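For the sequence shown, our numbering gives the first residue as -8, with consecutive numbering after it. Note that the Cβ used here is the ideal one computed from N, Cα and C, for glycine as well. Note that the structure is a prediction, hence the values are computed from the model and not measured. See below for the structure under consideration.
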Amino acid sequence: MTTQCLAGNIARPLVFVLVVATAAVAQLGAPPTRSHHPDIPYQSPTTLGAASYAKILCSAVFVSGRDVVEARQNSAYFLMNEPDRAKPIAVDVDRQAKRVRVTVDQVTRTAAFYGAQGCVIHPIDHDGIHFTPVAVPTTLPDANSQAWPMGDAPPSEPWPAKLDHAKVQAAVDLAFGDSAGLTAGMVVVYKGQIVGERYMAGITKETQLESWSMGKSLNATLVGLLIRDGAFSLDDPAPVPEWRRPGDPRGPIRVRDVMRMSSGLSFTGQDDRWMDSTWQYHDHFFIYAGAVDAYKYSISSPVEFAPNTVGRYRNSDPMTLGFLVRQAVEKRGEQYHTYPQRALFDKIGIRQQVLETDPWGNFLLSGYDYGTVRNWARLGLLYLRDGVWNGQRLLPEGFTQFVRTSAPAWRRPEYGGQFWINGLGQWNLPRDAYFMSGAGGQHTFIVPSHDLVVVRMGHQRGAAVGSKLLNQSLAAIVAAVEAAR
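Have a look at this one:
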């Protein structure tokens, strides 16, 4: 009798809340649905959260070599909705099969390790993937046989004149000043040389760390390589076949607009007015957890805004860029999964970078990518050197200037072309600084005025504390460099 009364008392306010919420949504306009993807089965937020948990944990264990308990505590939960994080989460890590299964509310999802393609979520209707994994060998010799930056051996050049080593190391140590910040690794490169470096216990310069949206800048770099090769230009209409049909409203979208996150595609995100991330799973995260063809899902989105009129952070645009990269590479008859290693990594000293995919083999460089701290420093150096490496121009002239120029459709000077910029002075760096940035406090800063690259990587749970520590560290690094000029 008591239970029935309690249930009734709870149910009536709940109905009222739902009515009010429905009315509020109606007033704002019905929330967008996945109605333009009728072929994709519905997946609840709980199902998607379990899938993402399995993938992130799988990568932490089998790509990064982290402890299961530590990774569950500090990373695996990131794309799971708040209510589900509080529920019992059963985890089965099969080290022999290199597979992780996660169960929440009797829903089980699986992710498995596929070699060079890292960990991939299995679709809800298929216990496997829809492509054949490919080995990604490097042509480079052992890293210890080559001097930095092509390898890891100490360079023959002398230490930068007047730079105080103790001050630089003290500045780096600031980023590790509170263990709650979970700073995993940091490197400072000044005048091309590593002048400061440190890692947390259990992490080394060889550890492939979760890099999240720094992968967007890597994706843009692949676009730059193809622009150099003449596959398309920034001002070309984006060569998506469906968009090139006569009368398609997406026809005016240029490659430039997609690079600037200003395509105008309809793609929901956590900053939408109607979005309550505790009960909805927006498109921006769905491409990570849905285990769908993420490229097809993104390029089939309709137009919401005219291109180059609204700038907003949406994974539709890096997924579209990824589609353009795959299309261009395969059109030339080249192997897609080895292209980044051949065309970029082998040229700048990166021997391994784990680029994960959806079940159809599409790179999810909007966030599913793993690299070492030094790898990201090498990529930062490529941009610091205006896209030229060892005398060879890898990126077209003007490309590095483009990615660091404020995108006109954004309301504030904070975003360029798949890179963030320091236009608001949010970081203790000169205003000419621009950077790759990913969830959990992943950052690669490029500071042309100071001939400086700084990389900081960490784990998700420490992001807030870690960012404060990083800003203190950056101020001290700049002071040390300026004292040596």
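- The region 169 to 189 and the region 444 to 453 touch, with no fewer than 3 CB-CB distances between them shorter than 8 Å.
- Around the beta carbon of H273, 16 or more other beta carbons lie within 10 angstroms, which makes this residue buried.
- Judged by DSSP secondary structure, Y406 falls outside any alpha helix (DSSP H); it is assigned neither H nor E.
- Burial is judged here by how many other beta carbons sit within 10 angstroms of a residue's own beta carbon; E347 has at least 16 and is buried.
- As computed with DSSP, T435 is found in a beta bridge with M427, V446.
- Residue pairing for C110: DSSP places it in a beta bridge opposite F104.
- In the structure shown, the three-state DSSP call for M177 is strand.
- Using a 10 angstroms sphere on the CB of V249, the tally of other CB atoms reaches 16 or more, which defines it as buried.
- Remark: C-beta atoms of V54 and V364 do not approach each other more closely than 8 Å.
- By DSSP's assignment, W139 forms no beta bridge with any residue.
- Across the set W234, H275, V84, the C-alpha of H275 shows the shortest separation from the C-alpha of T259.
- Beta-bridge partners of W411 (DSSP): Y406, F426.
- Within the DSSP secondary-structure output, G187 pairs in a beta bridge with V179.
- The beta-carbon separation of A467 and A162, rounded to 3 Å, stays under the 8 Å limit for a contact.
- Here T99 is bridged, per DSSP, to T94.
- For L200, the secondary structure class from DSSP, reduced to helix, strand or coil, is strand.
- Beta-bridge annotation (DSSP): A81 is paired with T94.
- For Y286, the enclosing alpha helix (DSSP H) covers residues 285 to 290.
- If you draw a straight line from the Cα of D360 to the Cα of S208, it comes to about 11 Å.
- By the beta-carbon neighbour count (other beta carbons within 10 angstroms, threshold 16), L415 is exposed.
- Counting C-beta pairs closer than 8 Å gives three or more between the region 96 to 106 and the region 38 to 47, which meets the contact rule.
- For T130 and Q332, the gap between their C-alpha atoms comes out near 9 Å.
- Using a 10 angstroms sphere on the CB of Q261, the tally of other CB atoms stays under 16, which defines it as exposed.
- Looking at the DSSP output, F354 bridges to T348.
- Listed in chain order, the alpha helix (DSSP H) runs fully inside the region 317 to 347 are 330 to 334, counting runs of at least 4 residues.
- For the pair of segments examined, the region 234 to 244 was found not to touch the region 58 to 76: the number of CB pairs separated by less than 8 Å stays below three.
- Take A400, set aside five residues on each side of it, and the residues of its chain with a beta-carbon closer than 7 Å to its own are R251, S253, N299, T300, V301, G302, in chain order.
- Boundaries cannot be given for D239, as no beta strand (DSSP E) includes it and DSSP labels it neither H nor E.
- Its chain contains A475 as the residues whose beta carbon lies nearer than 6 Å to that of K153, once the 5 sequence neighbours on both sides are disregarded; these appear in chain order.
- Cβ neighbours of A470 within its own chain (closer than 8 Å, five residues either side excluded): K158, A162.
- Within the same chain, and ignoring the five residues on either side of A88 in sequence, the residues whose Cβ sits closer than 8 Å to its Cβ are A103.
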